[in-house]
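Chemist: Protein chains in written order, with this note's numbering: chain A, 1 to 219; chain B, 1 to 219.
Mind looking over this structure? Questions follow.
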DNA sequence: TGAGATTATGACTGACCAGTCAGTCAGTGA
DNA sequence: TCACTGACTGACTGGTCAGTCATAATCTCA
């Protein structure tokens, strides 16, 4: 094995340690000493591989995030229908919740901190936007094929991302017994069919709905 | 005005300053000196009103969160149909995104940090669970009335929360021009009717969907 | 084997910050 | 005018931690 791969391997080991520590304490509460100790090296050594704590953090996050996005995209391209594509997306992400739990915890926390930080990794936002655009594109295609009714692809993609993230969160919080396959099927079913009772119309509700919709408009 | 209300007013002023500062820097990056300076008082004075930085933070978060939850619940009770109740829920929350933006930023960040912290405010989790339970109850009622098709109320409530949070996030990030009323209507429409093209069935996709569903089951 | 190169170490420094407390001062009542 | 009160102040302390660097250990190859 070449020097390159030895040092690359060590780098990855440090990144793994970083993910483990950051996912337990969060960025601010975790110290570089913690990470070094967890990796079984001295702090000075860590600084041979990463120029700062922030860089270490961002690399730990970005490498897995890129891998997950790429895998989800690949699996979606392999699938035929929109249903299957979206199912594949959810499946890949939920698999990561098992195989790379630490990474996902950091990812979810970082997502939240988007709202209270001015300087967040531009890469991260960029990647999120790209993912969103890709899914929106997939939805737009399905719409053109007549597979789904006419809806705004970008808005649907956004809602789908929201639900997807919710699944990950509930999986990680363990709020209840979590059967991944069932959750995926339910989410897909909900997204495609909604909750409305198709047999019994809700005509009697038309009036008050209009009123509430108007209130929403004023807001 | 009584002494009580003077000191209560000052307390509120400090909480406002705390929300402003925490929403810009996050909990860890913000210092108590920042908050005191923003409130126009000395640090020592702040400690007359709050026993610690953490207490200040949690109070700043909890008071608004309780108010928002209560208002949403009240508006939902006022509404008649499930559609109107859910609309009201989204409307109240989006109004908060305008009137109490700082609070919402902190709330979203805190939500994210659930995944990397062991010790989070038990109050917060409790409140989130209660909200979820309430909405799930509302959905269960609608199901009993035959207003919606048979579906798992808790899972629907979870998905609805996810979408609701997504709306808030997109509103705060300003990723695009955001017309609250339109976004609300779209979300409701999506939740009730889904995206499936009711006219053209998707029978041709049945086979491969089964296969992907199976793959998801294995995961 | 040994000299030079590479990798690793951990004590140290300077900056930061939560929380304290001795002292200040505005207001009040006599 | 003066004594008293308690809200308020901000310098200070003890502790933490990111990042550095002089030194040591290990490796490589002639």
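Each residue gets a CB set at the ideal place from its N, CA and C atoms; glycine is no exception.
Going by DSSP in three states, residue 195/B sits in which element: helix, strand or coil?
Modeler: Taking the second chain and counting its residues from 1, the one referred to as residue 195/B is at position 195. The answer is coil: DSSP assigns residue 195/B none of H, G, I, E or B.
Chemist: Can you check which of these residues, 128/A, 184/A, 32/A, is closest to residue 67/A by C-alpha distance?
Modeler: On the first chain, residue 67/A is found 67 positions in, with the first residue counted as 1. Nearest of 128/A, 184/A, 32/A to residue 67/A, Cα basis: 128/A.
Chemist: Given this structure, state the Cα-to-Cα distance separating residue 146/B from residue 78/A, to the nearest angstrom.
Modeler: The residue given as residue 146/B occupies position 146 in the second chain. The residue given as residue 78/A occupies position 78 in the first chain. Straight across, the Cα-Cα distance linking residue 146/B with residue 78/A is about 39 angstroms.
Chemist: Counting only beta-carbon separations shorter than 7 angstroms, does residue 216/B have a partner in chain A?
Modeler: The residue given as residue 216/B occupies position 216 in the second chain. Output row for residue 216/B: interface = yes.
Chemist: Alpha carbon to alpha carbon, how far is residue 141/A from residue 135/A?
Modeler: Here residue 141/A refers to the residue found at position 141 of the first chain. Here residue 135/A refers to the residue found at position 135 of the first chain. Distance between the alpha carbons of residue 141/A and residue 135/A: 10 angstroms.
Chemist: For residue 21/A, which residues in the same chain have their Cβ closer than 6 angstroms to its Cβ, ignoring the five residues on either side in sequence?
Modeler: Within the first chain, numbered from 1, the residue matching residue 21/A stands at position 21. Excluding sequence neighbours, residue 21/A sits near 30, 34, 35, 38.
Chemist: Once the 5 residues before and after residue 62/B are set aside, which same chain residues still bring their CB inside 8 angstroms of it?
Modeler: Here residue 62/B is taken as the residue at index 62 of the second chain, counted from 1. Around residue 62/B: 121, 123, 124, 127.
Chemist: Residues in the same chain with beta-carbon distance under 8 angstroms from residue 108/B, minus the five sequence neighbours each way, listed in chain order, please.
Modeler: Here residue 108/B corresponds to residue number 108 of the second chain, with the count starting at 1. Same-chain partners within the cutoff: 165, 168, 169, 172.
Chemist: From the DSSP secondary-structure annotation, give me the bridge partner or partners of residue 148/A.
Modeler: Residue mapping note: residue 148/A aligns to position 148 of the first chain, counting from 1. According to DSSP, residue 148/A bridges with 196/B.
Chemist: So, helix, strand or coil for residue 40/A, using DSSP?
Modeler: Within the first chain, residue 40/A is the residue found at index 40, counting from 1. Here residue 40/A carries a coil assignment [DSSP, helix/strand/coil].
Chemist: Is the CB-CB distance between residue 195/B and residue 159/A below 7 angstroms?
Modeler: The residue given as residue 195/B occupies position 195 in the second chain. The residue given as residue 159/A occupies position 159 in the first chain. Not a contact, by the Cβ cut-off of 7 angstroms.
Chemist: For the pair the region 84-94 of chain A and the region 171-186 of chain A, tell me if three or more CB-CB distances fall below 8 angstroms.
Modeler: yes
Chemist: Using only the alpha-carbon positions, how far apart do residue 99/A and residue 49/A sit?
Modeler: Here residue 99/A is taken as the residue at index 99 of the first chain, counted from 1. Here residue 49/A is taken as the residue at index 49 of the first chain, counted from 1. Each residue's alpha carbon lies about 25 angstroms from the other.
Chemist: Applying the criterion that 16 or more other CB atoms from any shown protein chain within 10 Å of the CB defines a buried residue, is residue 7/B buried or exposed?
Modeler: In the second chain, residue 7/B corresponds to position 7, counting from 1. Of the residues assessed, residue 7/B falls on the exposed side of the cut-off, its CB having fewer than 16 other CB atoms within 10 angstroms.
Chemist: With a threshold of 7 angstroms between beta carbons, is residue 111/A in contact with chain B?
Modeler: The residue given as residue 111/A occupies position 111 in the first chain. Output row for residue 111/A: interface = yes.
Chemist: Residues of chain B with a CB under 7 angstroms from the CB of residue 197/A: which are they?
Modeler: As a position in the first chain, residue 197/A is number 197, starting the count at 1. Those are 146, 147, 148, 149, listed as they occur along chain B.
Chemist: Distance cutoff 7 angstroms, beta carbons only. Does residue 19/B sit that close to anything in chain A?
Modeler: As a first step, residue 19/B is located in the second chain; it is residue number 19 there, counting from the start. No, its Cβ sits nowhere closer than 7 angstroms to a Cβ of chain A.
Chemist: Whose Cβ in chain A lies nearer than 7 angstroms to the Cβ of residue 26/B?
Modeler: As a first step, residue 26/B must be located in the second chain, where it is residue number 26. Correct list: 113, 116, 117.
Chemist: Which term fits residue 45/A, buried or exposed, when burial requires 16 or more other beta carbons within 10 angstroms of its beta carbon?
Modeler: Working through the first chain from its first residue, we reach residue 45/A at position 45. With fewer than 16 other beta carbons inside 10 angstroms of its own, residue 45/A counts as exposed.
Chemist: Taking 7 angstroms as the threshold (C-beta atoms), are residue 83/A and residue 197/B in contact?
Modeler: Taking the second chain and counting its residues from 1, one reaches residue 197/B at position 197. Taking the first chain and counting its residues from 1, one reaches residue 83/A at position 83. Note that the C-beta distance between residue 197/B and residue 83/A is not below 7 angstroms.
Chemist: Do you know how far the Cα of residue 58/B is from the Cα of residue 113/B?
Modeler: As a working note, residue 113/B is residue 113 in the second chain. As a working note, residue 58/B is residue 58 in the second chain. Distance between the alpha carbons of residue 113/B and residue 58/B: 13 angstroms.
Chemist: With 7 angstroms as the threshold, decide whether the Cβ of residue 14/A is near any Cβ in chain B.
Modeler: Translated into positions along the first chain, residue 14/A becomes position 14. It does not: the Cβ of residue 14/A has no partner Cβ on chain B nearer than 7 angstroms.
Chemist: Would a C-beta distance cut-off of 7 angstroms place residue 55/A and residue 116/B closer than the cut-off?
Modeler: Translated into the one-based positions of the first chain, residue 55/A becomes position 55. Translated into the one-based positions of the second chain, residue 116/B becomes position 116. No, the Cβ-Cβ distance between residue 55/A and residue 116/B is not below 7 angstroms.
Chemist: Alpha carbon to alpha carbon, how far is residue 143/B from residue 161/A? Give it in angstroms, no decimals.
Modeler: Translated into positions along the first chain, residue 161/A becomes position 161. Translated into positions along the second chain, residue 143/B becomes position 143. Spanning the two alpha carbons is a distance of roughly 26 angstroms.
Chemist: Nearest-angstrom Cα distance between residue 85/A and residue 15/A?
Modeler: Translated into positions along the first chain, residue 85/A becomes position 85. Translated into positions along the first chain, residue 15/A becomes position 15. Rounded to the nearest angstrom, the two C-alpha atoms are 31 angstroms apart.
Chemist: Residue 67/B touches chain A at which residues, Cβ-Cβ below 9 angstroms?
Modeler: In the second chain, the residue the question calls residue 67/B occupies position 67. In chain order: nothing, as chain A lies at least about 17 angstroms away.
Chemist: Applying a beta-carbon distance threshold of less than 9 angstroms, which residues of chain A neighbour residue 70/B?
Modeler: Position 70 of the second chain, counted from the start, is the residue given in the question as residue 70/B. Residues of chain A passing the Cβ test: none, with the nearest at roughly 18 angstroms.
Chemist: Since I believe residue 155/B is in contact with residue 132/B (beta carbons under 8 angstroms), could you give me their beta-carbon distance rounded to a whole number of angstroms?
Modeler: Here residue 132/B refers to the residue found at position 132 when the second chain is read from its first residue. Here residue 155/B refers to the residue found at position 155 when the second chain is read from its first residue. About 11 angstroms; that fails the 8 angstroms criterion.
Chemist: What did DSSP end up calling residue 174/A once you bin it into helix, strand or coil?
Modeler: Against the first chain, residue 174/A aligns to sequence position 174. Reduced to three states, the DSSP call for residue 174/A is coil.
Chemist: Helix, strand or coil for residue 1/A? Go by DSSP, reduced to three states.
Modeler: Residue 1/A sits at position 1 when you count from the first residue of the first chain. Only weak support exists for where residue 1/A lies, its pLDDT of 39 falling under 50; the coordinates are left without a value.
Chemist: Using a Cβ-Cβ cut-off of 7 angstroms, state whether residue 77/A counts as contacting chain B.
Modeler: On the first chain, position 77 is the one that residue 77/A refers to. Output row for residue 77/A: interface = no.
Chemist: Please look up how many angstroms separate the CB atoms of residue 32/B and residue 53/B, rounded, as I've assumed it's under 8 angstroms.
Modeler: Within the second chain, the letter at position 32 stands for residue 32/B. Within the second chain, the letter at position 53 stands for residue 53/B. Confirmed, Cβ separation roughly 5 angstroms.
Chemist: Does DSSP put residue 11/A in a helix, in a strand, or in coil?
Modeler: Position 11 of the first chain, counted from the first residue, corresponds to residue 11/A. In this structure, residue 11/A counts as helix in the three-state DSSP scheme.
Chemist: Identify, in the order they occur along the chain, each residue of the same chain with its Cβ nearer than 7 angstroms to the Cβ of residue 153/A, setting aside the five sequence neighbours on each side.
Modeler: For the purposes of this step, residue 153/A is taken as the residue at position 153 of the first chain. Cβ neighbours of residue 153/A beyond the five flanking positions: 136, 139, 140, 143.
Chemist: Quick one: which chain B residues come within Cβ less than 9 angstroms of residue 50/A?
Modeler: Within the first chain, numbered from 1, the residue matching residue 50/A stands at position 50. By Cβ distance, chain B contributes nothing, its closest Cβ being about 20 angstroms from residue 50/A, past 9 angstroms.
Chemist: Only counting the same chain, and skipping five residues up and downstream in sequence, which positions put a Cβ closer than 7 angstroms to that of residue 76/A?
Modeler: Here residue 76/A corresponds to residue number 76 of the first chain, with the count starting at 1. Answer for residue 76/A: 85, 88, 89, 138, listed in chain order.
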